[in-house]
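Take any residue in the sequence shown, note its place counting from 1, add 281, and you have its number in this note's numbering. No residue lacks a Cβ here, since even glycine has one placed at the ideal position from N, Cα and C.
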Amino acid sequence: MGIKTKNELVIFSGDIPDLSRDKLNLLLGNKKIVKCMTDRISTSTLEFIAAALKPGARLLLDSSITQDNMVLVAKKMNTGAILSQGANTAIPNVAAVAKALKPGARLLLAPSISKENMAVVVKELNRGGILLLDPSISQDQMEAAAQALNQDTFLFLDADTTAGNITAAAKEIARGATLLLDSRITRDNMEAAAKAMSRRGTLLLDPTTSQGKMKAVARALNPG
């Protein structure tokens, strides 16, 4: 079995005969990243892997895996677990995954996705789904994503997101969508997001956000 580090499990074609449920469960353990790099993994095994992932763990599916199997995986993802789409995955497959994503699960898009395809995929995001974007994306990509969000969907920005992208997301957030900020984002950037926040959407702070940051955001949302 292709284990690269203590936090990462990589499954290749040659590993398939050895994937008993007990062995797979043991191997998955508390892995933070699982990569399925072959289309020879059975549907039931893919579903088992998806359902076994802990919150914060990331599952990467090879682009050769069928759309039907990708969709089944998306439906099995646990709250807080991340389904990562590779750069070579066909856009119709990524859109199908977004549409099927289990509420509370997270979808991470490849940074190379164009702003046009970003909009196509994000428009399909299921209610309760959480969109994650690579910190390296452009402001145009961020704006396209924020504008395309559906009602009752979430855009999560982590601490590595640039100040410009945080503000852009706040300005462009779609009606009924929620912008969720990582508690590690700086106070200044949180305050800037609050000041730029569109009235169409909702700004939500992580429960672990410090009291000082929460007060700064509250003042920015309600000046005077």
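The alpha-carbon of Val498 is positioned some 24 Å away from that of Asn431. Rounded to whole angstroms, the gap between the alpha carbons of Ser301 and Val403 is 36 Å. Pairing Lys380 with Asn350 gives a Cβ-Cβ distance that is not under 8 Å. Between Leu413 and Leu389, the C-beta spacing is below 8 Å.
By the CB criterion at 8 Å, Arg468 and Gly493 fall inside the cutoff. Inclusion of Met358 and Lys335 in the CB contact set at 8 Å is not warranted, their separation being larger than that value.
By the neighbour-count definition (other C-beta atoms within 10 Å, threshold 16), Ser323 is an exposed residue. When the alpha-carbon of Thr319 is set against those of Leu308, Thr347, Lys476, Lys312, the nearest one is in Thr347.
One Cα belongs to Ala355, the other to Met471, and the distance between them is close to 31 Å.
Here Lys312 is buried: its Cβ has 16 or more other Cβ atoms, across all protein chains shown, within 10 Å.
In the structure shown, Ile411 falls within a strand segment according to DSSP collapsed to helix, strand and coil. Per DSSP, reduced to three states, the secondary structure at Ser365 is strand.
Taking every protein chain shown into account, the CB of Lys316 has 16 or more other CB atoms within 10 angstroms, so this residue is buried. In chain order, Ile372, Ala376 place their CB closer than 7 Å to the CB of Val401, counting only its own chain and leaving out the 5 sequence neighbours on each side. Taken atom to atom, the span from the alpha-carbon of Ala474 to that of Ser464 is near 13 Å.
For Lys312, no beta strand (DSSP E) encloses it, and the DSSP letter there is neither H nor E.
The DSSP assignment places 411-414, 435-438, 459-462, 483-486 as complete runs of the beta strand (DSSP E) inside the stretch 411-487, in order along the chain (cut-off: 3 residues). Your pair Leu460 and Ala449 does not check out as a contact, with CB atoms roughly 11 Å apart and the cut at 8 Å. DSSP places Ile394 in the coil class of the three-state scheme, outside both helix and strand.
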